[in-house]
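Here the protein sequences come in this chain order: R and A. Residues in the first sequence are numbered consecutively from 1, following UniProt numbering. Residues in the second sequence are numbered consecutively from 1, following UniProt numbering. Single-structure report; data block below.
Number of protein chains: 2
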Amino acid sequence: MSTHAESTITNHLIELLPAQERLLLLRHCEVVELQFGIVLCEHNQEYRHLYFPMSGFISLVTKLSGHKPLEMCVIGNEGMLGVTMVLGLSNVPMQAVVQGKGTAWRIDVGELQQLLRHCPHLRKILSQYLFVLMVQLSQSAACAHFHEIDQRLARWLLMSQDRAHSNEFHLTHQFLADMLGVRRSGVTVAAGLMQQHELIQYSRGKISITDRTALKRASCECYQSAIDEYQRLLGKPTPDSARRLLTEQGTP
Amino acid sequence: MSTHAESTITNHLIELLPAQERLLLLRHCEVVELQFGIVLCEHNQEYRHLYFPMSGFISLVTKLSGHKPLEMCVIGNEGMLGVTMVLGLSNVPMQAVVQGKGTAWRIDVGELQQLLRHCPHLRKILSQYLFVLMVQLSQSAACAHFHEIDQRLARWLLMSQDRAHSNEFHLTHQFLADMLGVRRSGVTVAAGLMQQHELIQYSRGKISITDRTALKRASCECYQSAIDEYQRLLGKPTPDSARRLLTEQGTP
DNA sequence: TGGGTTCTGTGCGCTATGCAACGCATATCT
DNA sequence: AGATATGCGTTGCATAGCGCACAGAACCCA
């Protein structure tokens, strides 16, 4: 249990809460480490804990028998794992895996269920986030179907960077391939091109983004529209993306 | 406005309601025709009416710029269009188009919002259905990515048949291709094979299913798992699928 | 220092699908 | 009856992505 990040990076959904509900919520939370690769919950089971990432991020993935899992969306400090709780159900819709290590607020299922009864703002915010998640889900579906590896890879890197709060993170080609539902050498080629064009730089699993603006151009529209949808419903940008918006004037 | 179907085919979600809430709900509903091809709502807009199909069915589709829309899921008399209302939002997550003509109960946004305040069972049922929809959404995403045309076509036909409550419906190859997000001649080939093997029969947009059991074998797991997920949360099967379960003992 | 492991680069053949076009058959309209 | 539109079968060509396989490079550990 570490608390060092609390002051600098926190969870945007929690920030949106009015002070009273926020304190009430946090009183029931504890800070936990998100360890890379850990499976936080499985489809067809029930939640025991819910997570509000502060740093690090979590993927929701769907698995079809005989295939590698396919990532549906990423949850970082702009979101929450287990938002379907707002429906009064503790069922898990998809497998959740930690893809970027970090820290998160964790709360017990029962406690959150209690809180939801008494906290209208919490209900409202989680409802909105659930809606955003649905839209992203369908967007991701179409994206995975129509868009090409290069674009999807670019999108993925951008989204990870937003949530990792760092220009550098640990990702092997194999790992990326699994997320995107493509074969490893496909990623190698796409990433190789990006490296040639100096958008990114990597070696043995350490990827760093060198030209974010160009990467954005290389990605598909889905990156921006996911952000837009979130903004539209969940108001002010996260501190991090706000900082970016300021330094990246004139995005298409 | 036609009411001929009310006595025979009705909406399963409504059936699940206790009598009191059901009557209250229906008092605010009116029966409308679902006309083939009509767009009931657009993404990024707000609902004005919500629909509980009785016969006929509605597709939720996502559109990416430069591509044909991709179908994410189908709503028939087992479901509802606009279930995200249970989140207290009247935003539309995806475009909705009538794919099989029929009739539906229709209710005004404001009225449903009122009702939701006073009807705990309605809230519960719609919450569960929303959850099911999310799971189906992610399933569809993976399915569209990994599975092949033949399987997906078979699944689509089965799902349509379930919701059309008839062995025969109007579908051109072009139309199917658009739904599945593939090219038309791909469908022609796949459908041609099915016709050869006497699973289906078609001519000029009239498709009829001749061997449902075989079609099920030809489809991917996604068909069955969508049903399972629905059953798991929304209890007793629809009259229609119940009839089928009885006549199709020993499904894998 | 050396051997194993992990990560990455690359090549080859194949399939599914995309795009485009043509022609025939059937339905619909006037 | 003739003209037009629609649905369907087919063909040809281009290519993205797959599966597989192998080799080099960087790293790790003993």
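Note that CB positions come from ideal geometry on N, CA and C, so glycine has one too. Keep in mind that this is a model prediction, so the values were computed, not measured.
**Request:** Report whether the distance from the Cβ of A/Q99 to the nearest heavy atom of the ligand FAD is below 7 Å.
**Result:** For the ligand FAD, the structure offers nothing, since it holds no ligand at all.
**Inter-residue Cα distance where the pair is R/G235 and A/L193** = 52 Å
**Request:** Report the option in R/L87, R/V32 and R/V61 whose CA atom is closest to the CA atom of R/H49.
**Result:** R/V32
**Request:** Enumerate in chain order the residues of its own chain whose CB-to-CB distance from A/P205 is below 7 Å, with the five nearest sequence positions on each side excluded.
**Result:** Here residue 205 of chain A turns out to be Gly, not Pro, going by the sequence shown. Excluding positions up to five away in sequence, the list reads H170, L171 and T172.
**Request:** State the start and end residues of the unbroken alpha helix (DSSP H) segment that holds R/L13.
**Result:** H12 to L16
**Prompt:** What first and last residue would you give for the beta strand (DSSP E) that runs through A/R106?
**Reply:** G102 to D108
**Asked** Quick one: Cα of R/G110 to Cα of A/F52, how far?
**Response** 33 Å
**Neighbourhood of A/L126 by C-beta distance below 8 Å, restricted to the same chain and skipping five residues each side** = L13, M80, V83, M85, V86 and L116
**Request:** Using three-state DSSP, classify A/I38 as helix, strand or coil.
**Result:** coil
**Request:** Starting from the beta carbon of A/E221, find every residue of chain R whose beta carbon is closer than 8 Å, and list them in chain order.
**Result:** L64 and S65
**Item:** Spatial distance of A/R22 from A/E15 (CA atoms)
**Value:** 7 Å
**Request:** Please look up how many angstroms separate the CB atoms of R/L157 and R/L215, rounded, as I've assumed it's under 8 Å.
**Result:** 6 Å
**Message:** Strictly under 8 Å for the Cβ-Cβ distance: is A/A96 near chain R by that measure?
**Reply:** no
**7 Å Cβ shell around A/G181 - same chain, five flanking residues per side excluded** = K68, L70 and A144
**Message:** List, from N- to C-terminal side, the alpha helix (DSSP H) runs of 4 residues or more that fit wholly inside the stretch 203-237 of chain R.
**Reply:** 212-218 and 221-234
**Prompt:** Which chain R residues sit within Cβ distance under 8 Å of A/C143?
**Reply:** L64
**Prompt:** Under a CB-based cut-off of 8 Å, is R/V187 close to chain A?
**Reply:** no
**Item:** Through-space distance from R/S225 to R/M160, alpha-carbon basis
**Value:** The sequence given here places Ser at residue 160 of chain R; Met does not occur at that position. Taking the straight line from one Cα to the other gives about 16 Å.
**Prompt:** For the stretch 75-96 of chain A, which residues have a CB atom closer than 8 Å to at least one CB atom of chain R, in sequence order?
**Reply:** T84, V86, L87, G88, L89, N91, P93 and M94
**Asked** Hey, how far is the Cα of R/M90 from the Cα of A/E229?
**Response** Correcting the residue type first, residue 90 of chain R is Ser in the shown sequence and not Met. Rounded to the nearest angstrom, the two C-alpha atoms are 15 Å apart.
**Message:** In this structure, how does DSSP classify A/V92 when only helix, strand and coil are distinguished?
**Reply:** coil
**Request:** On a CA-only basis, which of R/I200, R/D211, R/H28 and R/Q20 is nearest R/I107? Give me that one, please.
**Result:** R/H28
**Request:** Determine the chain R residues that contact A/F57 at a beta-carbon separation under 8 Å, and present them in chain order.
**Result:** Correct list: empty, because the minimum Cβ distance to chain R is about 18 Å.
**Message:** Just verifying my parser: in three-state terms, what is the DSSP assignment at A/A49?
**Reply:** Looking at the sequence shown, residue 49 of chain A is not Ala but His. If DSSP states are grouped into helix, strand and coil, A/H49 belongs with the strands.
**Item:** Backbone CA spacing between R/V98 and R/F36 [nearest angstrom]
**Value:** 5 Å
**Asked** Closest Cβ-Cβ distance between A/F175 and chain R: below 8 Å?
**Response** no
**chain A contact residues for R/M72, given Cβ-Cβ distances below 9 Å** = L137, S138, A141 and A142
**Request:** Would you kindly work out how many angstroms separate the C-alpha atoms of A/G102 and A/T62, rounded to a whole number?
**Result:** 23 Å
**Prompt:** Since A/H170 sits in a beta bridge, which residues does DSSP pair it with?
**Reply:** A/K206
**Request:** Pull up the distance between the alpha-carbon of R/L233 and that of R/V132, whole angstroms please.
**Result:** 8 Å
**Minimum Cβ-Cβ distance from A/K124 to chain R less than 8 Å** = yes
**Separation of R/Q95 from R/V39, as counted between CA atoms** = 7 Å
**Contacts that R/L130 makes with chain A (C-beta to C-beta distance below 7 Å)** = L87
**Request:** Figure out for me which residue from R/G76, R/Q128, R/Q113 and R/Q45 has the closest Cα to the Cα of R/S59.
**Result:** R/G76
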